[in-house]
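According to this note's numbering, the sequence shown holds residues 1 to 374 in order.
Backbone N, C-alpha and C fix where the C-beta goes; we use that ideal spot for every residue, glycine too.
Quick caveat, the model's predicted, so the values are computed rather than measured.
Comments concern the structure below.
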Amino acid sequence: MTKPNEIFQGNAFGGNKKLFTIVPVQLRLSFVKHLADAQLLQLRPGDHVIVETGRGPAIAKVTAHMERRVLAADEVIQVIRKATDEDVQQADRNEDLEAQAYHFCVDRVKARDLPMKVVRAHVMQDGSRIVVYFSSDGRIDFRDLVKDLAHRFRTRIEMHQIGVRDGTRMIGGIGPCGRELCCSSFLENFAPVSIRMAKDQGLTLNPAKVSGMCGRLMCCLVYEQAVYRRMKKTLPRAGKDVMTPDGPGKVIGLDVVNQRVQVQLEDTNRRYYRADDVAQAEPTQSTIQKAPTNYIWDEETVEDEAKSVETVVRRRRSDRSKSKSDAKAKADKPKTDKPKADKPNPEADTSDKPRRRRRRRRSSKDKTDSKPKE
């Protein structure tokens, strides 16, 4: 049995996990919530703390209440201390420096004609480095740009390439729905989105209608995809023949949300019906007339077809039994020693084969000898 002190010392759970007093925090320019080890600090939502990250100390904001959880050591970051007024003022000064670095970097990119888009600049809490986020279609040689930034701000410069979605998340904005962008407000991770989702939801496949501010498919297409897929299973597929209260017809459209189907009747009228009011249609007279005219399925034809099939089956059975009996008789037949054929002698004269005449190429000496002497 695991003792309580072993849990605190990290010896429980195979030594891989430990009991932490964690608190969710959010870094500046980061929309992913991290789990931080509060240790013995008493923190509340809205407090600012200094945490240790891979790039150095950074200021973060507490987003929820503390709780006790068993986690691995690499799943949490450490809270160094509570942020003081000086730390908050330093963060404000860093924001002003970030604006200067951003505009200077944009000017240098234009001057050097680099195919890249500067998204944002981020200054670490202690001012030890400036991280420049940019987006580009390919690899960029920005060594001269880094030299310009380092000469201007006298600190370490780090260039970080991001995608168009991450760039839109950092900038923020208003979506086509009139609300703040999902990626910059509450969305932590990007889920894969495909054009198939727009088709399942019956949306117009217009890039301006299904694309977000980043130019990619809208992330909100994922939210209702599972509901549409589940509700679509109860509806007949498009192009299927159904029977309606007004007669047979073919499904030409689906209204998944209202559970209705659009049916084109035989009189070319199009009407909407509830899913409960339509059923799979049986073969109609028009469908039967589409069959080939040489097949007239009356009783006599059916009997003749059955007889011909039976005759073919009987013939195949007799052929199969005959082949088996021949194979058995051949196996029972005693083997006789056959004289071995003499191996052909390659040196023997094969007069029956036409001999290929080889034409000798005359040398220059033979040519001179063959000339008549004067």
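query: Backbone CA spacing between A111 and T21 [nearest angstrom]; result: 51 Å
query: Distance between Q26 and C183 (C-alpha atoms, nearest Å); result: 15 Å
query: Assigned exposure category for D141 - 16 Cβ within 10 Å defines buried; result: exposed
query: Simplified DSSP assignment, three categories, for S211; result: strand
query: Closer than 9 Å to chain D by CB, V193; result: Among the chains in the structure shown there is no chain D, since it carries only a single protein chain.
query: Residue ranges of each beta strand (DSSP E) within the stretch 123-193, 3 or longer; result: 129-135 and 156-161
query: G249 and E266 closer than 9 Å at C-beta; result: yes
query: Given L71 as reference, the closest of G173, V251, D37 and S323 once Cα atoms are compared; result: D37
query: Other residues of its chain near P57: CB distance less than 8 Å, five sequence neighbours each side excluded; result: I50, V51, I80, M124, Q125 and D126
query: Anticipated Cβ contact below 8 Å, I77 with H34, distance rounded; result: 5 Å
query: Those residues which DSSP pairs with E67 across a bridge; result: I22
query: 9 Å Cβ cutoff met for L221 and L205; result: no
query: Classification of T268 by the beta-carbon crowding that lies within 10 angstroms, buried from 16 upward; result: exposed
query: Span of the alpha helix (DSSP H), counted from its first residue to its last, around A275; result: Premise fails: A275 is in no alpha helix (DSSP H) and is neither H nor E.
query: Per-residue DSSP class, three states only, for A238; result: coil
query: Beta-carbon proximity of L217 to I195, cut-off 9 Å; result: yes
query: Residues near F31 by beta carbon distance below 8 Å, same chain, minus five either side; result: R169, C183, S184, L187 and E188
query: Of the residues R270, Y102 and K330, the one placed nearest F153, counting alpha carbons only; result: Y102
query: 3-residue-minimum beta strand (DSSP E) runs that sit fully inside the stretch 40-120, ordered along the chain; result: 48-53, 56-62, 67-72 and 77-82
query: Rounded Cβ spacing between A198 and V210 (contact assumed at less than 8 Å); result: 5 Å
query: R260: first and last residue of the uninterrupted beta strand (DSSP E) it sits in; result: R260 to L265
query: Range covered by the alpha helix (DSSP H) that runs through D200; result: I195 to D200
query: I130 beta carbon less than 9 Å from that of T155; result: yes
query: Endpoints, the beta strand (DSSP E) within which M36 is located; result: Contrary to the premise, residue 36 reads as Ala rather than Met in this sequence. First-last of the beta strand (DSSP E) with A36: K33 to D37.
query: R448, buried or exposed, once every other Cβ within 10 Å from all chains shown has been counted against 16; result: Any property of residue 448 remains undetermined from this structure, which presents the chain solely from 1 to 374.
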